[in-house]
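If you count the sequence shown from 1, position 296 lands on 312 in the working numbering, and the numbers rise without skipping.
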Amino acid sequence: MDVVTLGALLDALDSAVVGLLEAPTGDDVVVTTAELVDGDELAAGRNARTPLSDVYLLVGVHEDDAVTWLHSLGSTAPEARPKVVMTKHAARRSSMAAAARRAGVALVAVHPDARWNQLFPLIQRVLRRTRVGDPDLLAAETDLFDLARITADNASGMVSIEDVHSHVLAYSASDETADELRTLSILGREGPQDYLRALRDWGVFDRLRDSDDVVDIPAHDELGTEHRLAVSIRQPSVDGTLPPRNLGTIWLQEGNTPFSDDAADVLRGASAIASTLISRTLDASTTHGVLIQRLFGARGTSVDVPSIASALGLPVDGPGAVIGFARVPGSSAPVADLATMGSALRLHASAFRRDSIATIVDHRTYVLLPRYSSPTAVTAWTRQLVAHFETRYRAVLHAAIALDIEHLGRVAAARTEVDRVLNGTAKSRTSTRVTTLAESMTAVLLGESLTVLHSHPELHDPRVQALFEYDENKGSSLRQSVEAFLHEHGDVRAAARRVQVHPNTLRYRLRRVEQIVGIDLSDRADRLLLELQLALPCNSPGR
């Protein structure tokens with residue numbers, strides 16, 4: 017069995033992403049496990065948990081807290097502390113390096129723009145590798161990161177694999193010759209605009225879209241880019257009657273040594289393998305997809321949990337997390353884009369957790385993360401993904417999370433909980449874009465209460481219709497005035513400022529509302545009833 021040392025782990029990562037700052041016992045220390053650790057876990061005494069992981073990735077930990085924690089490690093036995101700590105704060109805090117050195121812990125700086133959901137899975141894959149011998153380009157267990165590494169070794173260059181939206185899915189390690197374009201791409205940022213414009217002008221994107229050719233792109237000193245080869249990743253149609261489906265691109269940047277003589281052939285082979293790997297993720301088999309939908313409760317209530325768990329390779333027991341993603345109302349893209357968006361979410365989920373599963377039900381995407389290690393890490397990943405989709409795809413999403421699912425048989429119920437949150441917070445202006453039922457209980461219960469009221473016409477107060485008709489016939493704004501009054505909890509002056517009128521004008525309008533509707537706005541019950549009636553969907557403005 018191969019062992020992985022810290023040095024080997026860092027070699028497998030990218031120098032644009034990580035850098036070794038301290039290694040008190042050298043970089044040949046053996047590492048076998050890694051995990052994400054948040055501030056709450058450090059404060060609760062993370063080092064007391066067994067088994068202890070060799071590599072800690074500090075996610076969302078304030079730099080002062082990290083320094084304090086590292087200082088505390090100095091008084092613990094070596095077997096009770098991690099061997100390596102990775103953090104985004106290390107590079108700018110010399111005290112952190114000093115604390116790590118005194119604690120005998122290696123400290124690795126992570127680029128501030130790096131994404132934990134890309135870095136952590138890569139570390140896990142490196143640590144899981146136990147094969148001895150030459151890389152096998154056709155190994156059944158090869159994934160995109162394996163493919164990038166193997167392709168780089170065989171073609172003598174630096175590889176990045178991108179999806180159809182130019183988002184980097186996997187990459188090989190870089191050396192000091194990596195140019196700005198590669199670095200920015202790996203960090204999830206857009207490349208230099210001048211170079212992207214030049215690629216369009218040179219017809220590179222057109223050739224990649226329309227052919228299987230390996231495209232040779234010369235170095236450009238003025239633009240600061242190195243020599244590259246590129247090949248599209250395409251999935252041929254089953255019967256050959258339709259054009260191939262574009263899945264992405266493989267880029268090979270030249271480094272310290274020239275490309276190998278057969279680099280173009282290697283890229284073509286890598287493209288075929290990448291097509292299989294990506295399409296396998298995008299187009300789960302019908303049986304596989306049906307099983308996933310049954311697990312989420314989308315195909316009946318009868319679920320054979322042991323059989324589904326065995327077929328999908330999932331643990332029966334938790335803790336698991338279900339996350340639902342939906343578009344914010346008013347930001348919807350064409351329906352045809354929903355499948356593409358769901359596939360992209362599935363790819364990101366697989367990058368975060370290799371054993372994750374995802375499905376689309378009624379224009380929403382649901383993700384199951386089995387046996388997560390940190391609720392904070394799940395929430396942070398979800399927030400990062402929502403922000404990424406808005407930046408990258410201009411898709412405004414909101415997400416709901418159900419945590420602590422102890423058994424696969426509870427996944428369908430968790431999806432129902434997630435739906436309640438998505439429904440209840442869809443139009444709420446105060447809700448965050450990523451939330452849970454506990455955090456959004458008020459919005460959810462109020463929304464569900466209004467839905468019940470809406471579904472029972474006998475509970476609709478006919479008196480408010482007189483108010484709407486008065487405004488419509490007279491061109492007045494009594495509804496707006498009384499809503500401002502209710503919003504400001506009866507503070508006339510604040511409400512007057514809200515609708516930009518004199519307080520006496522507002523008082524007159526409120527008296528007219530009382531006369532028209534037949535209520536007393538000084539009575540708390542009348543105010544509550546009126547506010548509920550005005551909030552009903554059937555009574556919304558512009559109904």
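Where a beta carbon is used, it is the ideal one built from N, C-alpha and C, also for glycine. Predicted model only: the values in this text are computed from it and were never measured.
Leaving out the 5 sequence neighbours to the left and right, which residues in its chain are closer than 7 Å to residue i when beta-carbon positions are compared?
i      : result
ALA64  : Any reading at ALA64 must be qualified, since the residue scores a pLDDT of 48, below 50, and its modelled position is unreliable; the value itself is stated next. Nothing listed; no residue qualifies.
ASP222 : none
PRO252 : PRO260
ALA393 : LEU52, ASP54 and VAL75
ASP30  : TYR187, ALA189, SER190 and ILE202
LEU224 : VAL231, ALA246, SER248 and THR265
ARG543 : LEU502 and LEU537
In this structure, does DSSP put residue i in helix, strand or coil?
i      : result
SER326 : helix
GLN269 : strand
LEU123 : strand
THR381 : strand
VAL332 : coil
VAL53  : strand
PHE15  : Any property of residue 15 remains undetermined from this structure, which presents the chain solely from 17 to 559.
HIS243 : coil
PHE221 : helix
HIS236 : strand
GLY305 : helix
HIS105 : coil
LEU363 : helix
SER88  : helix
ALA114 : helix
TYR409 : helix
TYR388 : coil
ALA337 : strand
HIS404 : helix
THR452 : strand
VAL529 : helix
ASP420 : strand
ARG343 : strand
Which residues in the same chain as residue i place their Cβ atom closer than 8 Å to its Cβ, once the five residues preceding and following it in sequence are excluded?
i      : result
ARG160 : Here residue 160 is Leu; the residue named in the question, Arg, does not match the sequence. The answer, listed in chain order, is ILE177, LEU185, ALA186, ALA290, LEU293 and ILE294.
ASN133 : HIS364, ALA367, PHE368, TRP397, GLN400 and LEU401
SER287 : ASP228, VAL247, SER248, ILE249, ARG250 and ILE266
GLU38  : ALA113, ALA116, ARG117, VAL121, ALA122 and LEU123
ASP179 : LEU185, LEU263, GLY264, ILE294, ALA360 and LEU363
ARG540 : none
When the Cα of residue i is compared with those of the options, which residue comes out closest?
i      : options                           : result
THR167 : ARG261, PRO98, ARG284 and HIS304  : ARG284
THR241 : PRO252, GLY219, ILE249 and TRP267 : TRP267
GLU422 : LEU36, VAL338 and VAL46           : VAL338
PHE136 : MET112, ALA119 and VAL101         : VAL101
ALA171 : HIS78, GLU79 and GLY271           : GLY271
ALA414 : ASP420, ALA442 and HIS105         : Per the sequence shown, the amino acid found at residue 414 is His instead of Ala. Of ASP420, ALA442 and HIS105, the residue nearest in Cα terms is ALA442.
SER372 : ARG523, VAL427 and ASP277         : VAL427
LEU328 : LEU25, VAL306, ARG144 and SER276  : VAL306
GLY316 : MET457, ALA429 and VAL517         : ALA429
VAL46  : VAL19, GLU57 and ALA59            : VAL19
ASP278 : GLY173, ALA374 and ILE233         : GLY173
ARG410 : GLN309, LEU239 and MET357         : MET357
ASP420 : ASN520, PRO335 and ASP320         : PRO335
ASP56  : LEU453, PRO391, VAL450 and HIS304 : PRO391
If I measure Cβ to Cβ from residue i and keep anything under 6 Å in the same chain, skipping five residues before and after, which residues do I get?
i      : result
ASP43  : LEU22 and GLY23
ALA325 : VAL332 and LEU424
LEU545 : none
VAL175 : ALA164, THR167, ALA168, SER188 and LEU268
ARG436 : VAL460
ASP129 : LEU203
ALA349 : Legend: pLDDT at ALA349 = 49, less than 50; position of this residue unreliable, value from coordinates given subsequently. Excluding residues within five positions, none has a Cβ falling inside 6 Å.
VAL377 : ALA314
ALA106 : LEU37, MET112, LEU123 and ALA125
LEU438 : GLY340, ALA342 and ALA416
GLU157 : The predicted model places GLU157 with a pLDDT of 39, which falls under 50 and marks its position as unreliable, so this point remains unresolved.
Less than 7 Å between the beta carbons of residue i and residue j, yes or no?
i      : j      : result
ALA82  : THR103 : yes
VAL75  : LEU52  : yes
VAL498 : VAL529 : yes
ALA125 : GLY35  : yes
THR49  : ASP70  : yes
LEU483 : VAL533 : yes
GLN549 : ASP477 : yes
HIS470 : LEU552 : yes
ASP507 : ARG495 : no
ALA418 : GLU406 : no
LEU239 : ASP210 : yes
VAL142 : ALA28  : yes
Quick check on residue i - is its C-beta less than 7 Å from some C-beta in chain C?
i      : result
VAL383 : Although the question refers to chain C, the structure presented lacks it and comprises just one protein chain.
Segments assigned beta strand (DSSP E), at least 3 residues, entirely inside the segment 176-206: Restricted to the segment 176-206, the beta strand (DSSP E) segments that are unbroken, complete and at least 3 residues in length are 184-187, listed in chain order.
Length-filtered (4 minimum) alpha helix (DSSP H) runs lying within the segment 460-517: Within the segment 460-517, the complete alpha helix (DSSP H) segments of 4 residues or longer fall at 479-490, 494-503 and 508-515, listed in chain order.
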